[in-house]
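Just below is one structure, and these are the notes that go with it.
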Amino acid sequence: MSWSQLATEWAELWGELGRPAWAAVAESTGIRSGSRVLDVGCGSGEFLAYAASLGATVAGVDPAEGMVDLARTRVTNVELGDFGSLPAGPFDVVTAFNALQFADDTDDALAALVAVTAPAGFVAIVNWAERELNDLDVLERSVDEGEPSPDGDLRLPGGLEQLLADGGLELVASGAVAVPWVLASDDDLVRGVLLGEDASVQRELGPTVLAAAAPFRQGDGYRLLNHFRYAIGTVVE
Numbered sequence: 084m085s086w087s088q089l090a091t092e093w094a095e096l097w098g099e100l101g102r103p104a105w106a107a108v109a110e111s112t113g114i115r116s117g118s119r120v121l122d123v124g125c126g127s128g129e130f131l132a133y134a135a136s137l138g139a140t141v142a143g144v145d146p147a148e149g150m151v152d153l154a155r156t157r158v159t160n161v162e163l164g165d166f167g168s169l170p171a172g173p174f175d176v177v178t179a180f181n182a183l184q185f186a187d188d189t190d191d192a193l194a195a196l197v198a199v200t201a202p203a204g205f206v207a208i209v210n211w212a213e214r215e216l217n218d219l220d221v222l223e224r225s226v227d228e229g230e231p232s233p234d235g236d237l238r239l240p241g242g243l244e245q246l247l248a249d250g251g252l253e254l255v256a257s258g259a260v261a262v263p264w265v266l267a268s269d270d271d272l273v274r275g276v277l278l279g280e281d282a283s284v285q286r287e288l289g290p291t292v293l294a295a296a297a298p299f300r301q302g303d304g305y306r307l308l309n310h311f312r313y314a315i316g317t318v319v320e
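Per our numbering, residue 84 is the first one in the sequence shown, and the count goes up by one each step.
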């Protein structure tokens, strides 16, 4: 199932997960009234709406038409596109939340972000931390048919920092930030973990997911503690 088809359900179950990371990026880059912000791989537009609430002028691009349609219900300046088709800018802050790792070439994708960033502006990259820092991994392992693939370099400590250094950026901030995932019901949890699977698969694997999630149950719902890693670099004049 495509990201366009999943857009509404993804936004419902996952769209607000990154809020603590948004705050870390906004604080480190000084997003405020008058800031020009571009979010690449903007999904359903939650971070764009957050940045706009701080007074920023925002723009976004995403390769999934369904995501673009949803994002436009939050902010107006969102276009269909990817790392190879960015608006000219310049932007004071350019962000990519859980997006850069999907590029065919991460170095080329980073160079594209830098190219539309103003002198002395900021590029912020955010993605999932290594699996051992994520309660979600317990649930994913419960339904994996085999061993999960090793964590990619960008998920490991120092990976994002090295990427920015290789791209000629001066590191200004980096770290790991807790991003709790809170679900209101069994149904929400199963749909979130098995997002994109058809109803028959969700019925088959749902009990396995719920059994694995038992340690994270709170009342009628669940709270899983996960982490994102982030690194922010500035464009050297």
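Here a beta-carbon is modelled for each residue, glycine too, at the ideal position from N, C-alpha and C.
Report the CB separation of residue 201 from residue 172 in whole angstroms; it is logged as a contact under 8 angstroms. By one-based count along the sequence shown, residue 201 stands at place 118. By one-based count along the sequence shown, residue 172 stands at place 89. Sure, about 7 angstroms apart at Cβ, within 8 angstroms.
Using DSSP's beta-bridge definition, name the partner residues of residue 210. As a working note, residue 210 is residue 127 in the sequence shown. BP columns for residue 210 point to 312.
Given that a residue counts as buried once 16 or more other Cβ atoms are within 10 Å of its Cβ, and exposed if not, what is residue 189? By one-based count along the sequence shown, residue 189 stands at place 106. Residue 189 is buried by the Cβ-count criterion.
Between the alpha carbons of residue 165 and residue 148, how many angstroms are there, rounded? Here residue 165 refers to the residue found at position 82 when the sequence shown is read from its first residue. Here residue 148 refers to the residue found at position 65 when the sequence shown is read from its first residue. Cα-Cα distance, rounded: 12 angstroms.
From what residue to what residue does the alpha helix (DSSP H) around residue 274 run? On the sequence shown, residue 274 is found 191 positions in, with the first residue counted as 1. First-last of the alpha helix (DSSP H) with residue 274: 269–276.
Residues of its chain near residue 131, where Cβ-Cβ distance is below 6 angstroms and the 5 sequence neighbours each way are ignored: Your numbering for residue 131 matches position 48 in the sequence shown. Taken in chain order, the residues that qualify are 122, 125, 141, 143 and 158.
Pairing CB atoms from the segment 276–292 with CB atoms from the segment 210–217, are three or more of them under 8 angstroms? no
Residues near residue 208 in its chain [Cβ-Cβ closer than 6 angstroms; skip 5 each side]: Counting from one through the sequence shown, the residue named residue 208 turns up at place 125. If we look at residue 208 and ignore the five residues flanking it on each side, its Cβ neighbours are 179, 183, 243 and 314.
Is there contact between the segment 299–313 and the segment 252–262, where contact requires at least three CB pairs shorter than 8 angstroms? yes
Please report how far the alpha carbon of residue 249 lies from the alpha carbon of residue 100, in whole angstroms. As a first step, residue 249 is located in the sequence shown; it is residue number 166 there, counting from the start. As a first step, residue 100 is located in the sequence shown; it is residue number 17 there, counting from the start. Approximately 29 angstroms, taken between the alpha carbons.
Could you give the distance in angstroms between the alpha-carbon of residue 163 and the alpha-carbon of residue 152? The residue given as residue 163 occupies position 80 in the sequence shown. The residue given as residue 152 occupies position 69 in the sequence shown. Spanning the two alpha carbons is a distance of roughly 9 angstroms.
Which word fits residue 273, buried or exposed, when buried means at least 16 other C-beta atoms lie within 10 angstroms of its C-beta? Sequence index remark: in the sequence shown, residue 273 carries index 190 (1-based). Burial call: buried.
Which whole-angstrom value describes the C-beta separation of residue 252 and residue 197, a residue pair presumed to lie in contact below a C-beta threshold of 8 angstroms? Here residue 252 refers to the residue found at position 169 of the sequence shown. Here residue 197 refers to the residue found at position 114 of the sequence shown. About 7 angstroms separates the two Cβ atoms, so the contact holds.
Just curious, the alpha helix (DSSP H) that residue 112 is in, first and last residue? In the sequence shown, counting from the first residue as 1, residue 112 sits at position 29. From DSSP, the alpha helix (DSSP H) with residue 112 extends over 102–112.
Determine which residues share a DSSP beta bridge with residue 320 and list them. For the purposes of this step, residue 320 is taken as the residue at position 237 of the sequence shown. Its beta-bridge partners do not exist; DSSP assigns none.
Does the beta-carbon distance from residue 317 to residue 203 come in below 9 angstroms? Translated into the one-based positions of the sequence shown, residue 317 becomes position 234. Translated into the one-based positions of the sequence shown, residue 203 becomes position 120. The answer is yes: Cβ separation under 9 angstroms.
Using DSSP with H/G/I as helix, E/B as strand and the rest coil, what is residue 162? If you number the sequence shown from 1, residue 162 lands on position 79. DSSP places residue 162 in strand when its eight states are reduced to three.
From which residue to which residue does the alpha helix (DSSP H) around residue 288 run? In the sequence shown, counting from the first residue as 1, residue 288 sits at position 205. That run of the alpha helix (DSSP H) goes 282–295.
Mapping the DSSP letters down to three states, classify residue 115 as helix, strand or coil. As a working mapping, residue 115 is identified with position 32 in the sequence shown. Looking at residue 115 - three-state DSSP - the assignment turns out to be coil, as it is neither helix nor strand.
Helix, strand or coil for residue 172 per DSSP? Locating residue 172 in the sequence shown gives position 89, counting from the first residue. Residue 172: coil per DSSP, three-state reduction.
Between which residues of its own chain and residue 320 is the CB-CB distance below 8 angstroms, once the five residues before and five after are set aside? Residue 320 sits at position 237 when you count from the first residue of the sequence shown. Contacts found: 202 and 203.
Rounding to the nearest angstrom, what Cα-Cα distance links residue 96 and residue 275 in this structure? For the purposes of this step, residue 96 is taken as residue 13 along the sequence shown, with counting starting at 1. For the purposes of this step, residue 275 is taken as residue 192 along the sequence shown, with counting starting at 1. Those two C-alpha atoms are separated by around 6 angstroms.
Does any residue of chain B bring its CB to less than 9 angstroms from the CB of residue 281? Structure shown: chain B not included; a single protein chain is present.
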